[in-house]
Amino acid sequence: MRNPMFPALVLASGVIAKATLGHNACVSQERHSHDLSYKNPQKWVNWHKFKANGVNLGGWFLQEHVIDQEWWDSVTPNATDEWTLCQQLGEQCGPVLEKRYASWITTVDVDKMASVNVNVLRIPVSYSVWIDVPGSQLYHGSQKDYLNAIAMYAIETYNMHIILSLHNLPGGTNNLEIGEAVGHNAWWGNQTNLDWSYKAVDTMLAWIQGTGHMSFFTISPINEPADEPTAFASAAGMTPSGIEWLQKYFNGCLERIAQVDKRIPMMIQDAFQGESFWSPRFAKAANIAFDTHIYFFANPNATFFNVPDGLCEQVPDAAGDGKFPVFIGEYSVQSRWNNTLAGRKTFFDTWQYVSMSHLQGNSFWSWKFTTCSEIDGEGTLKDYWSYEDMIDDGAITTETTDSYC
0 MRNPMFPALV LASGVIAKAT LGHNACVSQE RHSHDLSYKN PQKWVNWHKF
50 KANGVNLGGW FLQEHVIDQE WWDSVTPNAT DEWTLCQQLG EQCGPVLEKR
100 YASWITTVDV DKMASVNVNV LRIPVSYSVW IDVPGSQLYH GSQKDYLNAI
150 AMYAIETYNM HIILSLHNLP GGTNNLEIGE AVGHNAWWGN QTNLDWSYKA
200 VDTMLAWIQG TGHMSFFTIS PINEPADEPT AFASAAGMTP SGIEWLQKYF
250 NGCLERIAQV DKRIPMMIQD AFQGESFWSP RFAKAANIAF DTHIYFFANP
300 NATFFNVPDG LCEQVPDAAG DGKFPVFIGE YSVQSRWNNT LAGRKTFFDT
350 WQYVSMSHLQ GNSFWSWKFT TCSEIDGEGT LKDYWSYEDM IDDGAITTET
400 TDSYC
């Protein structure tokens with residue numbers, strides 16, 4: 000996830016590069032109901048056919064300031080990221096994070112997700128969940144035990160599908176706290192860091208095998224990479240050499256997955272390039288899906304009134320050339336301007352309809368989000384980024400009744 004307070008324009012693959020309506024333009028008041036169904040898979044997922052009604056479990060195994068600022072302020076108010084958090088806490092880093100792992104996501108949360116037909120959990124995980132890299136300040140402890148408890152409960156109780164998203168990699172992938180640490184971007188072109196990344200993937204695959212539920216998992220081996228981080232969240236964030244390094248990594252991950260079971264899908268976060276960019280680089284038979292991220296909080300033209308129209312008209316283009324399935328792995332319902340609490344259901348329902356009709360569904364960012372920073376319009380950040388709170392407020396329901404298209 001990107002920090003909503005960053006002044007960057009965060010859009011995926013050039014989709015909705017500009018909003019087409021002015022701030023004060025008149026928009027249709029008509030809303031539409033759609034009969035959308037979300038099947039919970041009971042066998043291997045075919046992403047060409049499967050429709051995901053998902054949510055991200057952000058802030059659990061990889062900490063981000065913007066998700067829970069109050070927690071950061073109470074633990075290490077001067078830490079810029081989880082790396083420096085552990086540096087500052089020293090021997091207390093482990094106990095502090097273990098407490099976080101045990102309490103941030105519980106089975107009660109999973110029950111509440113199931114109450115609105117969530118069928119996919121996208122779980123961001125740090126490489127430190129799987130491996131202990133020499134020199135890394137990231138904590139390597141009992142994360143797998145907490146992950147196992149929630150994943151097995153979600154699978155065995157509700158047949159939910161799990162996307163394990165390896166959000167950071169050794170050395171850093173984008174200069175951001177989500178890539179390893181602020182200012183870290185040494186993963187690129189570094190064979191040692193690549194080898195450690197493969198060890199993380201191998202360990203993750205071994206863990207999946209050990210669950211006895213391999214068919215309930217999809218592996219995503221990197222998140223929002225940018226070897227040119229000054230252009231992060233745009234196609235220019237990747238240089239030609241960076242693309243080739245990513246391709247090498249993706250090929251290696253596919254080989255490792257095939258050695259375990261080729262029916263496990265690999266989901267490729269598209270690095271803001273789009274499916275059509277990557278499509279020629281993979282054989283049609285490859286068991287892959289693409290994950291694209293679309294946010295509107297920093298688009299200077301995006302208002303709460305024109306974004307739904309943009310969703311209807313332009314998001315279907317994210318499907319690319321149609322060779323591989325495309326999934327919206329992250330989005331929220333915050334716009335840059337004129338946010339309204341009453342309009343959240345229209346925004347959410349429109350996303351549901353568009354992503355289910357033209358793509359393979361979505362996963363909202365994020366299940367929990369407690370930060371109450373001010374935004375333009377009504378409410379605070381948490382009102383537009385917390386799936387849990389939006390259920391409580393009636394903005395997320397089991398029925399799609401308020402779609403713009």
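Numbering-wise (numbering that gives the first Met the number 0), the sequence shown opens with residue 0 and increments by one. Glycine included, C-beta positions come from ideal geometry on N, C-alpha and C. The structure displayed is predicted, hence computed values, not measured ones.
Item, Value
"Pull the bridge partners of Thr302 from the DSSP assignment, please.", "Trp336"
"In three-state DSSP terms, what is Gln351?", "helix"
"Please classify Asp110: is it buried, with 16 or more other beta-carbons within 10 angstroms of its beta-carbon, or exposed?", "exposed"
"Whole angstroms are fine: how far does the CA of His160 sit from the CA of Ile256?", "17 angstroms"
"Does Phe49 come out as helix, strand or coil in the three-state DSSP assignment?", "coil"
"I'd like the list of long-range same chain contacts for Leu310, defined as Cβ closer than 6 angstroms, with 5 residues on each side in sequence excluded.", "Thr349, Val353"
"Note the first and the last residue of the continuous beta strand (DSSP E) segment covering Glu329.", "325-329"
"Are there 16 or more other CB atoms within 10 angstroms of the CB of His22, so buried, or fewer, so exposed?", "Here His22 scores only 42 on pLDDT, less than 50, and its place in the model is too uncertain to base an answer on."
"Nearest-angstrom Cα distance between Leu61 and Gln68?", "14 angstroms"
"In the structure shown, what three-state DSSP assignment does Pro94 receive?", "helix"
"Just checking, does the region 194-206 make contact with the region 161-171 on the three C-beta pairs under 8 angstroms criterion?", "yes"
"Below 8 angstroms on the Cβ atoms is my contact criterion, and I expect Val119 with Gly53 to pass it. Report the Cβ-Cβ distance as a whole number of Å.", "3 angstroms"
"What whole-angstrom Cβ distance do Ile149 and Ile207 have, given they're in contact under 8 angstroms?", "Contact doesn't hold; Cβ gap of about 14 angstroms is too wide."
"Just list the alpha helix (DSSP H) runs in the region 132-201, keeping only unbroken ones of 4 residues or longer that don't cross its boundaries, in chain order.", "142-157"
"Excluding sequence positions up to five away, which residues of its chain have a Cβ less than 7 angstroms from the Cβ of Ala199?", "Tyr126, Trp129, Ile130, Leu165"
"Out of curiosity, what's the CA-to-CA distance linking Ser141 and Ala101?", "10 angstroms"
"Output the residue ranges of the alpha helix (DSSP H) runs that lie fully inside the region 360-394 and measure 4 residues or longer, sorted by chain position.", "380-384, 386-391"
"So what's Ile263 in DSSP terms, helix, strand or just coil?", "coil"
"Could you compute how far the alpha carbon of Ala78 sits from the alpha carbon of Ala234?", "30 angstroms"
"Tell me the DSSP secondary structure of Pro224 in three-state form.", "coil"
"What does DSSP give as the partner residues of Pro123 in its beta bridges?", "Ser164"
"Using the DSSP secondary-structure output, state which residues sit across from Ala288 in a beta bridge.", "Met266"
"How many Å lie between Trp187 and Thr172 at the Cα?", "7 angstroms"
"Exposed or buried, what is Glu155 when buried is set at 16 or more other beta-carbons lying within 10 Å of its beta-carbon?", "exposed"
"Counting along the chain, where does the beta strand (DSSP E) carrying Phe216 start and finish?", "216-219"
"By DSSP, does Phe276 sit in helix, in strand, or in coil?", "helix"
"Is DSSP giving His31 helix, strand or coil here?", "strand"
"Alpha helix (DSSP H) containing Asp67: first to last residue?", "Here Asp67 belongs to no alpha helix (DSSP H), and DSSP marks it neither H nor E."
"If you check the beta carbons only, do Asn338 and Tyr383 fall under 8 angstroms apart?", "yes"
"Taking Trp277 and Asp290 to be in contact with their CB atoms under 8 angstroms, please state how far apart those CB atoms are, rounded to whole angstroms.", "Actually they do not touch by this definition, with Cβ atoms about 11 angstroms apart."
"What span of residues does the alpha helix (DSSP H) with Asp110 cover, start to end?", "106-113"
"Between the alpha carbons of Gly321 and Phe281, how many angstroms are there, rounded?", "13 angstroms"
"Using DSSP with H/G/I as helix, E/B as strand and the rest coil, what is Phe346?", "helix"
"Any beta carbon from chain C within less than 8 angstroms of Ile390's own beta carbon?", "Considering every chain present, this structure includes no chain C. It has just one protein chain."
"What are the start and end residues of the alpha helix (DSSP H) that includes Thr397?", "Here Thr397 belongs to no alpha helix (DSSP H), and DSSP marks it neither H nor E."
"Where does Ser60 fall in DSSP's three states?", "Strictly speaking, residue 60 in this sequence is Phe, with Ser absent from that position. Phe60: strand per DSSP, three-state reduction."
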